[in-house]
Amino acid sequence: MPHPMLVVEDLEKTFTLHTQGGTVLPVLRQVTLAVAGGECVALHGPSGAGKSSLLRCLYGNYLPQAGRILVAHDGRMVDVVAATPHTILDIRRRTMGHVSQFLRAIPRVPAIDIVAEPLRAVGVAAAPARERAAALLTRLHIPERMWQLAPATFSGGEQQRVNIARGFALDFPILLLDEPTAALDAGNRQVVVDLILEARRRGVAIVGIFHDREVREAAADRAFEMAAYAAAA
Amino acid sequence: MTNAMREPLAGYNFAYLDEQMKRSIRRAILKAVAVPGYQVPFGSREMPLPYGWGTGGIQVTASIIGAEDVLKVIDQGADDTTNAVSIRQFFARTTGVATTERTAEATIIQTRHRIPERPLGPGQIIVYQVPIPEPLRWVEARETETRKMHALQEYGVMHVKLYEDIARFGCINTSYNYPVLVNGRYLMAPSPIPKFDNPKMDRNPALQLFGAGREKRIYAVPPFTSVKSLDFEDYPFDVQHWDHCCALCGAADSYLDEVVTDDRGGRMFVCSDTDYCGERRTAGHVGAGTPVALAAEAAE
Amino acid sequence: MDAPPPLLQIEGLTRTYGRRIGCKDVSFSLWPGEILGVVGESGSGKSTLLNCLSAKLEPTAGRVLYTDRHGRAIDVWAASEPERRMLMRTDWGIVHQNPRDGLRMGVSAGANIGERLMAVGERHYGGIRREAETWMRRVEMDLDRIDDAPFTFSGGMQQRLQIARNLVSKPRLVFMDEPTGGLDVSVQARLLDLLRGLVTDLGLSAVIVTHDLAVTRLLAHRMIVMRRGEVVEAGLTDQVLDDPQHPYTQLLVSSILHP
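Here it is, written out as structure tokens:
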């Protein structure tokens, strides 16, 4: 196996609900996974198996109780679980992209700027950043007249495509995709598959949740069965 | 016009204040002279005049005046106004020193609102009556804070006031008590003199002392000290100008008062400095002599 | 790539009022370009903390280290008062919850914006005015209000003016105390968006004290949660809000409708 970009070792995640009498909800147990560059791993399992939770742990959005998440960042493996927020922000800025299930629209910010933002954050000038954003929005069939509008009023599918464009704007070495095609029609689903395949050819390591079997089979080269690791009874 | 010396009033110490008090005020004055523009606190006394009538100036004058001095007192440039007359009488009676209305003859000039037109010379002392000594009071009411601002030379905020003038009136409209920077260090209120007089303070050969009775502060500008009026590069400091000359003496270089002469809009412009005007007239200078509105009517 | 040092390092910051605790043993670092949200309910010590950070209230114990433009670390409370006041006027900005605390209500908007420039020696009226106009435009205020006094402005405009007044000196660090408090929701959204754009464009760092978790979500990269003067939880904003660990944070997050 080529050099892994993302390694998960013995990851444990439980939720302790202090507001509900301290109920403990185990979610992930002993998750171990390695993803190499150019690989796309599809997390697989029934609803409640912890797919989204694992993805959120990888992105630093959820705080695991034990285990390690090693990410190739700046030429070395950095443990997201133990990293400071400052380091995680840096990883998110330069190494690891994330396409969430829903776009968190920001009031008044035009779609094109939302897409261009990850580029701007690493210092790309406004003009080339917008150029790249425009190319992606065009590819994802968002009509030009909508680029200057804030996506809060867009349909679910349109918002999702803006979200995908944003996720692919910068060539992140690692990409996390949470149901990127859920609200899309066949044409746009194919665009997303193409984007994934192109990213893989560039050597990007991808972990995703793909509800749609066709997309999963076209984009991913192996499935990671969550059932074995799900801690929930 | 000089009134000769006479015997001081019996039962009072020379210049009303006791020697101890005068010494303590002189110490404050010395400190003020040593730190030009810095406001020195002093133990201001109750005087036989109400606050606002020049009690600060009177105490300063009382502390420095000697039997040989010749005193001139002016209010708005005139020697014959109530305030000037009563202060002059006060010192005449409590010290017996000679008094004068002639700027040239005076060794001490106590003033409210003006600096004489005739340039002061070395050895003369001008004592200003000051109502509010703190130039920063306008921007900051807390004394603890203004003292800190002086200590740290945080004076930029003074320009906010000048900025407002320009924004509102198109020019710096502050016409009296115009803030100055003394010796490149302390921001100072020149007392409510017209800004016309500000340039006279700069490198003046006379010693300039300032007394604020109610606020209990003394400050000073030693002879030949730089006094710079605040301004902007593109709105440099400028003094008042008049379209008229003095109606009485014809002076074109003095600060003019507008005097209403009748109830038909007649008015005339005359020197605010009565001694200066009188001296010029004695020397043969003559003004147009008539109220300007009437003169204009007559011309038609 | 050489990592820059933190802009602000807080070590064991404590402030007591007699026997009562204002804030206790607070430590964190803030890097250039980072926004830190400080949340907690009234009386949790967040305002005390902000005052200690922004050199307005001397801490009982602990240090505030600030790295200046020349890479020099300044121990804020060990520095001389002139140095501290200079920082507050130049490198730092403070946006108060109540515009009355941060604006000169009686002087024009232009003079309010220009004051910091004049404080550092700018003496060209035309230049000051042009800069004031630039900043009015940036905070989306009508230029024809430049000579009006802030007491004639709406709450949202006053707040935008306060921001312009602070940013004109190109500060590197801005402290904000409930910047959207007391504003209508629509006005809040506009102000937040404006702030968000400005901090990104200018590469500003900021400490924002708020009890509004939505404000934190939108603006802050990281956040700390305070309760009774102590930090009970700290971390990435989305992590703290989406996976809160401390019982108090969980209560806080579950108490609002849309975090």
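Residue numbers (this note's numbering), protein chains in the order written: chain A, 47 to 279; chain B, 762 to 1061; chain C, 207 to 465.
Glycine residues also receive a C-beta, built at the ideal position from the N, C-alpha and C atoms.
Source: prediction; values computed, not measured.
Contact between the stretch 1016–1026 of chain B and the stretch 1040–1050 of chain B is defined here as three or more beta-carbon pairs at a separation below 8 angstroms; is this criterion met? no
Positions along the stretch 124–137 of chain A whose CB lies within less than 8 angstroms of some CB in chain C: Pro131, His132, Ile134 and Leu135
Is the CB-CB distance between alanine 198 of chain A and proline 164 of chain A below 9 angstroms? no
In the DSSP assignment, find the unbroken beta strand (DSSP E) run with tyrosine 924 of chain B in it and report its ends. Taken as a continuous stretch (DSSP letters only), tyrosine 924 of chain B belongs to no beta strand (DSSP E), being part of the alpha helix (DSSP H) at 919–930.
For methionine 429 of chain C, the residue or residues it bridges with in DSSP: C/Gly243 and C/Gly441
Determine the direct distance from the alpha carbon of valine 988 of chain B to that of alanine 325 of chain C, and round the result to whole angstroms. 20 angstroms
In whole angstroms, give me the CA-to-CA distance for valine 1021 of chain B and phenylalanine 1030 of chain B. 9 angstroms
Could you check if threonine 227 of chain A is buried or exposed, using at least 16 other CB atoms within 10 Å of its CB as the buried criterion? buried
Hey, cysteine 962 of chain B and proline 951 of chain B are a contact pair by Cβ (cut 8 angstroms); roughly how many whole angstroms apart? Before going on, a small fix: residue 962 of chain B reads as methionine here, not cysteine. Right, the Cβ-Cβ distance comes to about 6 angstroms (below 8 angstroms), so this counts as a contact.
Kindly list, in the order they appear in chain C, the residues whose Cβ is closer than 9 angstroms to that of valine 155 of chain A. Asp399, Arg402 and Gly403
Meets three-Cβ-pair contact criterion under 8 angstroms: the stretch 251–260 of chain C and the stretch 224–240 of chain C: yes
So what does histidine 144 of chain A bridge to, in DSSP terms? A/Leu222
With 16 as the cutoff for other CB atoms within 10 Å, does threonine 220 of chain C come out buried or exposed? buried
Pop quiz: leucine 942 of chain B and leucine 991 of chain B are said to be a contact at Cβ under 8 angstroms. What is the actual Cβ separation, rounded to whole angstroms? 6 angstroms
Taking the C-alpha atoms as reference points, what is the distance between alanine 261 of chain C and arginine 290 of chain C? 7 angstroms
What residues from chain C crowd round histidine 64 of chain A, counting only those whose CB sits closer than 7 angstroms? Pro453 and Gln456
Output needed in chain order: residues of the stretch 91–119 of chain A with a Cβ under 8 angstroms from some Cβ in chain C. Arg102, Gly106, Asn107, Tyr108 and Leu109
What separation, rounded to the nearest whole angstrom, lies between the Cα atoms of valine 161 of chain A and alanine 902 of chain B? 51 angstroms
Could you name the residues of the same chain whose beta carbon sits closer than 7 angstroms to that of cysteine 86 of chain A, not counting the 5 residues immediately before and after it, in chain order? Ile242, Arg246, Ile252, Gly254, Ala265, Ala266 and Asp267
In terms of alpha-carbon separation, which member of C/His302, C/Pro377, C/Gly327 and C/Leu379 lies closest to arginine 366 of chain C? C/His302
From C/Arg306, C/Leu379, C/Val446 and C/Leu458, pick the residue whose C-alpha is nearest to that of threonine 358 of chain C; which is it? C/Arg306
Leaving aside the five residues before and after histidine 119 of chain A along the sequence, list all residues of the same chain whose C-beta is less than 6 angstroms from its C-beta, in chain order. Ile137 and Thr141
What's the call for glutamate 260 of chain A, buried or exposed, on a 16-neighbour Cβ count within 10 Å? exposed
Quick test of the definition: if touching needs 3 or more C-beta pairs under 8 angstroms, does the stretch 855–863 of chain B touch the stretch 829–837 of chain B? yes
Partner residues on chain B for glycine 332 of chain C, Cβ-Cβ distance less than 7 angstroms: Asp995
Would you report the Cα separation of aspartate 995 of chain B and tyrosine 939 of chain B, rounded to the nearest angstrom? 18 angstroms
In angstroms, rounded to a whole number, what distance separates the CA positions of valine 232 of chain C and tyrosine 223 of chain C? 16 angstroms
I want to verify the contact list: residues of chain C whose CB lies under 9 angstroms from the CB of leucine 968 of chain B, in sequence order. The contacting residues do not exist; leucine 968 of chain B stays about 30 angstroms from chain C at best.
Counting pairs of beta carbons, one from the stretch 864–871 of chain B and one from the stretch 882–900 of chain B, are three or more of them closer than 8 angstroms? yes
Assuming contact is defined by CB atoms lying nearer than 9 angstroms, are phenylalanine 256 of chain A and arginine 262 of chain A in contact in what I supplied? yes
Using a Cβ distance threshold of 8 angstroms, determine whether the stretch 1003–1019 of chain B contacts the stretch 347–361 of chain C, with at least three qualifying pairs required. no
Tell me, please, whether the CB atom of proline 377 of chain C is closer than 9 angstroms to any CB atom in chain B? no
By the criterion of Cβ-Cβ separation under 7 angstroms, what are the contact partners of serine 460 of chain C in chain A? Thr65
Here's the rule: buried if 16 or more other CB atoms are within 10 angstroms of the residue's CB, otherwise exposed. What is leucine 93 of chain A? For the sequence presented, residue 93 of chain A should be read as serine rather than leucine. Per the 10 Å Cβ criterion, exposed.
Rounded Cβ spacing between alanine 823 of chain B and lysine 792 of chain B (contact assumed at less than 8 angstroms): That pair is no contact at about 18 angstroms.
Spatial distance of methionine 207 of chain C from alanine 173 of chain A (CA atoms): Note that methionine 207 of chain C scores 43 on pLDDT, short of 50, meaning its location in the model is unreliable and no value can be drawn from it.
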